[in-house]
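Student: Sharing a structure below in structure tokens format, with a few things to ask.
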Amino acid sequence: MSFFAPLFLIGALAIAGPIVFHLIRRTTRERTIFSSLMFLQPTPPKLTRRSRLEHILLLIFRCAVLILFALAFARPFFKKPIVESSSSSGRRTIVLVDVSASMRRANLWADAREHAAAILRRASPGDQVALWTFDRKITPIVTFEEWNRAAINARAALALDRLATVSPGWASTRVGDAVLQAAEALGDSTGNSPKLPGQIILVTDLQEGSHAETLQGYEWPKGLELAVEILKPKRANNAALQLAGDTDEAGPRTNAAVRVRVTNAADSKKEQFKVSWMQPAGKALVDPPVQLYVPAGQSRIAAIAVPSAGTSNTTIAFNRLLLQGDDEDFDNTVFVIPPAQAKMSVLYLGNDSAADSKKPLYFLQRAFQETRRQEVKVQLASPGAPVAAAALDAATLLIATDGLSTESARSLHEQIAGGKTLLFALQNASAAAPLAAVLGIERVAVEDLKPASYAMLGEIDFRHPVFAPFADPRFSDFTKIHFWKYRHVDASTIPAARIIASFDSGDPALFEVPVGKGRVLVLTSGWQPEDSQLALSTKFVPLLYSLLEESGAPAPGVTQYRVGDVLPFSALAAPAAGTNALIVRGPDGSATRLTSAETNFSNATLPGIYTVEDPGGRKLAEFAVNLDESESRLIPLQLDEFEKLGAPLAHNSPSAVAQTATKIRLRNAELEQRQKLWRWVILATFALLLAETWLAGRTARTIVTQGAPSS
Amino acid sequence: MTLPPNPESSSSLISPHALMSIRNLELRARVVVEGFWSGIHRSPYHGFSAEFTEYRAYTSGDDPRYLDWRVFARSDRYFIKKFEDETNLRCYLIADNSRSMTYGSTGYTKAEYARTLAATLSYFVYLQGDGVGLLTFDEDIREYLPARHRTGHLRNLMLALEKPASGKTTNLGAPLKRIAEIVRKRGLMVVLSDFLAPIEKLERELSALAACGHEIIVFQILDRAEVKFEFGEAAMFQDAESGKTLFLDPSMARKDYLRKLESHCAHLRSTCQRFGIALYRLTTDRPLELALFDFMRERMQRKRVLNRRVQQPRAAGANLQNAK
């Protein structure tokens, strides 16, 4: 027999009461009437050695009543054995082990392996466990199928052996993505028969930069819980070195200094740091290093001067900066490759002088300013004569205004058909013939128009790549640009013309006509003040650069990447290299061969300097890969952050042991409810009470005496 | 006058237990009185002077006109009685009828004993030709019969005595005060009670009663168990009057109880002595003849004292005259 509430059995100890009363009050039921109690004082009952129990049967009845009451409250029931199939017990668990760069800190990886080992070893035979590692992406180490296939007593060893071959990398942490993927895998019922409850165990340092925000709004599968085992580093003083980032507005080719940011952790006790250029072997290239004072929780930006090359013949590459002064060195190195300046040329065909401030060329030249990332040169060519092929080939964008001869227009037409882009800004109605020649059509009607006051751009196709940068409502207002004059061109008579922008009168302002592989963009007004306010507006320069980019201008050279970034093939080498195979050498000397058929390079897994070579070994380019900045934000997240994101944390739900206990308790409750043995016990108690009352009345009748003394 | 021997050793006395078996109170009283008379002559009380004011044994030369033939009829003895009209005694029996008197360990209660004694005394006094009255009380006065010597009065008195005890407490002061107010002429007051109540409350009334010139005799009636407190086992003791109970181990309480009882009785004794009141303590196992004897003796002693007071001034006066 079992008891649902066994604590009530303690009430059975109350039988001591009747036993004691039966010993000390054996004569108290006798009542002696005396004439007056004025000379008497009460005396306490005494229990002597000669005290003995009287009315044993009555005592037994009373004790039995108390015991039965206690039994009834304890709610007895008979347990029935329940057979549970072993396959129905257990859980489906995915163990996610963090292998991001922040796990490279002193003791964390060893702790992670210990935690994972403990988790794997305590898996029961009914459990299905998968072991995954994660940083920016998931890497399965042991799948459910492999786990189930292995012998029960060899499963943990299999997983641990595989985990021993893994070590933290340099990638950033995407804990949110990893958990979501694991949740999706557990929520997928395929292969989960019978349906086992799911659990994700996260073994991680859960640093601030783990990117857990992707868990927001996720609808968790029912029954799934998330357990987080947070690893704590032994050392807390950490400062990070990151590139501060150049702006394109920085002066042309100013490689005299590299801007870096030193960020000190909020819980750091150290404030003095040093930054210096370092050789791969760890030897400082410049002595003394730059001293920096950064209080805890703050950051400082410093410009580290790039020393000029030494007097020796060897060229020293100043591409590695090292921070010293904190306890963790995984984020203390920054690799720097200055971006290569892209050179482009714009060929201008017009009769105006660059010094004439009323003419288009004046504004055009001032729009293209040289920066660190690109240099745009405006080449001039006479519009009256055919332009040399070399000049046309070299130009990224062709711009024609007035004075274009028909013959030049025809030669331009061939160039454009080869893949060039021409911006033809119509200055007057006489541009009709050259326009028709450029477009390769017989004729096009061009008419000068002067609005009563001014015209504005009324309709713009922001889907077109030229105007796409202005699609944001903050930048899409062109109404402030007034057009005093423009040329009316009936674009409907031009085959394949696509109106990109039109005036408020409905006349086209800018339309595009494909010509062979290239295209002609016809601007029906000039940008000089005589025609419009376009050159004077803030939209002129970005519009030109947008045109330039659309013309196939090479993107500004990106030479800084982060670990895990996927680089497009085109970014690795300039298209002008004319190669369709590349070899990318990593900082560890590994070589990855890429052909143009492969669009991406995804092997940037180590921080360092990567070189791009052609198959002949000629170095084409270099780029640097650095640690993601988020990996340096090491303060651990609080678990309630996960709760705020809606994750079903395991501490809110009972452990497996607690759940088993709950299940047993519920089963016992059901058994007890069905059997209701307490009713019979209560009945027996009442029957005993009646018997006791009768016996007490009969044998324990109150004896009222006249005080007959015993002697 | 020599003191009588210990009456308990006399075999001629009627056992109270046997007496109480007589149901009729008047008959009980008669048995005691007549037993008393016969006992006076057969008892070892030889030498006891029967010279008391009311009766005297006939001796040669007495005037046979004063023989009491009723006594002769009962006892075959000749006694000279005084003239009835010379008595004028008013005797009041003040009987405690409270619940404390209902206690008894001898088979009958103190109340029965007191009733019998009161009946005996009233019969005795009535036979003397004196008036006898009754006042019964508990917490209040219950019955009052003025002192009379009439036909039927004794019967009424017996009936009043037979009424059962009641009341939750004993109030001695009130009846004494009442008697003092009612009875103006001097008489004999006989108080029958166990006096198990605070003595302080009746001192004033006793003194007032004594100051009125009444002759007061007090009979304190106690049960043997009250006097000895020889209970054995612990039990819940219940007060007969108030019903209050308390758990008591007699072996632990006895000494203290006896000390307090003795102190209480001593207080009563000293109070009575102070006011010239005769106090007799009776236990319910004592034959009632002895109580009657005590009553008579007390009366004899008082008469003697009175006569001495009367004769001394006369002798002084005669001497004075002779001297002249």
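Chain order of the listed sequences is A and B. If you read the first sequence in our numbering, its first letter stands for residue 3, the second for the next number, and so on. If you read the second sequence in our numbering, its first letter stands for residue 90, the second for the next number, and so on. Each residue gets a CB set at the ideal place from its N, CA and C atoms; glycine is no exception.
(1) Is the Cβ of B/His353 closer than 8 Å to any Cβ of chain A?
(2) Within the 8 Å Cβ cut-off, does A/Ile4 reach chain B?
(3) Terminal residues of the continuous alpha helix (DSSP H) containing A/Arg123?
(4) Check each residue of the segment 292-305 of chain B: if its Cβ is closer than 7 Å to any Cβ of chain A, include it; give the result in chain order.
(5) Which residues in the same chain have their Cβ closer than 7 Å to the Cβ of B/Arg163, if we skip the five residues on either side of it in sequence?
(6) Rounded to a whole number of angstroms, what is the C-alpha to C-alpha distance between B/Ala146 and B/Ile169?
(7) Look at the Cβ atom of A/Val97, then the Cβ atom of A/Val131, and state whether they are nearer than 8 Å.
(8) Could you tell me whether the Cβ atoms of A/Leu217 and A/Ala671 are closer together than 8 Å?
(9) State the Cα-Cα distance for the pair A/Ala238 and A/Asp269, rounded to the nearest angstrom.
(10) Between the segment 340-360 of chain B and the segment 306-320 of chain B, do at least 3 Cβ pairs fall closer than 8 Å?
(11) Which residues in chain A sit within 8 Å of B/Ala329, going by Cβ to Cβ distance?
(12) With H, G and I counted as helix, E and B as strand and the rest as coil, what does DSSP make of A/Ser592?
(13) Using a Cβ-Cβ distance under 8 Å, would B/Phe336 count as near chain A?
(14) Classify A/Thr540 as helix, strand or coil using the three-state DSSP reduction.
(15) Going straight from the alpha carbon of A/Ala125 to that of A/Leu228, what length do you get?
(16) What does the alpha-carbon distance come out to for the pair A/Gly699 and B/Glu115?
(17) Using a cut-off of 8 Å between C-beta atoms, extract the partners of B/Ser189 located in chain A.
(18) Classify B/Arg244 as buried or exposed, calling it buried when 16 or more other Cβ atoms lie within 10 Å of its own Cβ.
(19) Reducing DSSP to helix, strand and coil, say where A/Tyr364 ends up.
(20) Does DSSP put A/Pro471 in a helix, a strand or coil?
(21) How would you list, in chain order, the residues of chain B whose beta-carbon sits under 8 Å from the beta-carbon of A/Pro44?
(22) Listing by chain order, which chain A residues have their CB less than 8 Å from the CB of B/Leu350?
(23) Beta-carbon within less than 7 Å of B/Glu175's beta-carbon, same chain only, minus the 5 sequence neighbours each way: which residues are those?
(24) Should B/Gly241 be labelled buried (16 or more other beta-carbon atoms within 10 Å of its own) or exposed?
(25) So who's on the other strand from B/His242, going by DSSP bridges?
(26) Under the DSSP definition of a beta bridge, which residues are partnered with B/Met325?
(27) Which whole-angstrom value describes the C-beta separation of B/Ile230 and B/Arg204, a residue pair presumed to lie in contact below a C-beta threshold of 8 Å?
(28) Report the residue from A/Glu221, A/Asp179, A/Val264 and A/Ile203 whose alpha carbon sits nearest the alpha carbon of A/Ala189.
(29) At least one CB of chain A closer than 8 Å to the CB of B/Tyr197: is that the case?
(30) Secondary structure at B/Arg348, three-state DSSP: helix, strand or coil?
(31) Going by the CB atoms, is the gap between A/Leu233 and A/Ala114 shorter than 8 Å?
(32) Locate the alpha helix (DSSP H) running through A/Asp532, then write down its first and last residues.
(33) With a cut-off of 8 Å, does the C-beta of A/Glu32 fall near any C-beta of chain B?
(34) Give the residues of chain A in contact with B/Phe326, contact being defined as C-beta atoms less than 7 Å apart.
(35) Excluding the 5 residues flanking B/Gly302 on each side, which residues of the same chain have their C-beta closer than 6 Å to its C-beta?
(36) Just the chain A side, please: which residues come within less than 7 Å of B/Glu315 by C-beta, in chain order?
Tutor: Once the coordinates are examined:
(1) Locating residue 353 of chain B in the second sequence gives position 264, where the first residue counts as 1. So yes, B/His353 belongs to the interface.
(2) Locating residue 4 of chain A in the first sequence gives position 2, where the first residue counts as 1. The sequence shown places Ser at residue 4 of chain A, not Ile. No - not a single Cβ of chain B is within 8 Å of the one on A/Ser4.
(3) Here residue 123 of chain A refers to the residue found at position 121 of the first sequence. Counting along the chain, the alpha helix (DSSP H) containing A/Arg123 begins and ends at Leu110 to Arg123.
(4) none
(5) Residue 163 of chain B sits at position 74 when you count from the first residue of the second sequence. Glu123 and Trp126.
(6) Your numbering for residue 146 of chain B matches position 57 in the second sequence. Your numbering for residue 169 of chain B matches position 80 in the second sequence. Each residue's Cα considered, the two are about 6 Å apart.
(7) By 1-based counting over the first sequence, the position of residue 97 of chain A is 95. By 1-based counting over the first sequence, the position of residue 131 of chain A is 129. Their beta carbons are under 8 Å apart, which means A/Val97 touches A/Val131 by this criterion.
(8) Counting from 1 along the first sequence, the entry for residue 217 of chain A is found at position 215. Counting from 1 along the first sequence, the entry for residue 671 of chain A is found at position 669. Cβ distance not < 8 Å, so A/Leu217 and A/Ala671 don't count as in contact.
(9) Within the first sequence, the letter at position 236 stands for residue 238 of chain A. Within the first sequence, the letter at position 267 stands for residue 269 of chain A. Roughly 7 Å between the two C-alpha positions.
(10) yes
(11) As a position in the second sequence, residue 329 of chain B is number 240, starting the count at 1. Under the 8 Å cutoff, chain A gives Ile35, Phe36, Ser37 and Ser38.
(12) Here the question's residue 592 of chain A lines up with position 590 in the first sequence. Coil.
(13) Against the second sequence, residue 336 of chain B aligns to sequence position 247. At least one chain A Cβ lies under 8 Å of B/Phe336.
(14) Here residue 540 of chain A refers to the residue found at position 538 when the first sequence is read from its first residue. Coil, per DSSP.
(15) On the first sequence, position 123 is the one that residue 125 of chain A refers to. On the first sequence, position 226 is the one that residue 228 of chain A refers to. Going from the Cα of A/Ala125 to the Cα of A/Leu228 covers about 16 Å.
(16) Counting from 1 along the first sequence, the entry for residue 699 of chain A is found at position 697. Counting from 1 along the second sequence, the entry for residue 115 of chain B is found at position 26. In a straight line, the C-alpha of A/Gly699 is about 43 Å away from that of B/Glu115.
(17) As a working mapping, residue 189 of chain B is identified with position 100 in the second sequence. Correct list: Ser37 and Ser38.
(18) By 1-based counting over the second sequence, the position of residue 244 of chain B is 155. The residue is exposed, with fewer than 16 neighbouring Cβ atoms inside 10 Å.
(19) Numbered from 1 along the first sequence, position 362 holds the residue referred to as residue 364 of chain A. In the structure shown, A/Tyr364 sits in a helix (DSSP, three-state: H, G or I).
(20) Reading the first sequence from its first residue, position 469 is the one you call residue 471 of chain A. Three-state result, A/Pro471: helix.
(21) Here residue 44 of chain A is taken as the residue at index 42 of the first sequence, counted from 1. Near A/Pro44 (Cβ distances below 8 Å), the residues of chain B are Leu335, Phe336 and Leu337.
(22) In the second sequence, counting from the first residue as 1, residue 350 of chain B sits at position 261. Within 8 Å Cβ-Cβ: Phe41.
(23) As a first step, residue 175 of chain B must be located in the second sequence, where it is residue number 86. In this prediction, B/Glu175 has a pLDDT of 40, which is less than 50 and means its spatial position is unreliable; what the coordinates show is noted afterwards. The answer is none, since no qualifying residue turns up.
(24) Locating residue 241 of chain B in the second sequence gives position 152, counting from the first residue. So B/Gly241 counts as exposed.
(25) For the purposes of this step, residue 242 of chain B is identified with residue 153 of the second sequence, where counting begins at 1. Paired residues: none, contrary to the question.
(26) As a first step, residue 325 of chain B is located in the second sequence; it is residue number 236 there, counting from the start. For B/Met325, which the question treats as bridged, DSSP gives the partners A/Arg33 and B/Phe336.
(27) As a position in the second sequence, residue 230 of chain B is number 141, starting the count at 1. As a position in the second sequence, residue 204 of chain B is number 115, starting the count at 1. About 17 Å separates the two Cβ atoms, so there is no contact after all.
(28) Your numbering for residue 189 of chain A matches position 187 in the first sequence. Here the sequence assigns Gly to residue 189 of chain A, which means Ala is not the residue at that position. Checking every option, the nearest Cα to that of A/Gly189 belongs to A/Glu221.
(29) Taking the second sequence and counting its residues from 1, one reaches residue 197 of chain B at position 108. Not an interface residue.
(30) Against the second sequence, residue 348 of chain B aligns to sequence position 259. DSSP places B/Arg348 in helix when its eight states are reduced to three.
(31) If you number the first sequence from 1, residue 114 of chain A lands on position 112. If you number the first sequence from 1, residue 233 of chain A lands on position 231. In this structure, A/Leu233 lies closer than 8 Å to A/Ala114 by Cβ.
(32) Translated into positions along the first sequence, residue 532 of chain A becomes position 530. Inspection of the sequence shows that residue 532 of chain A is occupied by Glu rather than by Asp. From DSSP, A/Glu532 is part of no alpha helix (DSSP H); its letter is neither H nor E.
(33) What you label residue 32 of chain A is simply residue 30 of the first sequence in a count that begins at 1. Output row for A/Glu32: interface = yes.
(34) Position 237 of the second sequence holds residue 326 of chain B. Chain A residues near B/Phe326: Thr34, Phe36, Leu39 and Leu42.
(35) Here residue 302 of chain B refers to the residue found at position 213 of the second sequence. So the qualifying residues of the chain are Arg275.
(36) Residue mapping note: residue 315 of chain B aligns to position 226 of the second sequence, counting from 1. Simply Ser37.
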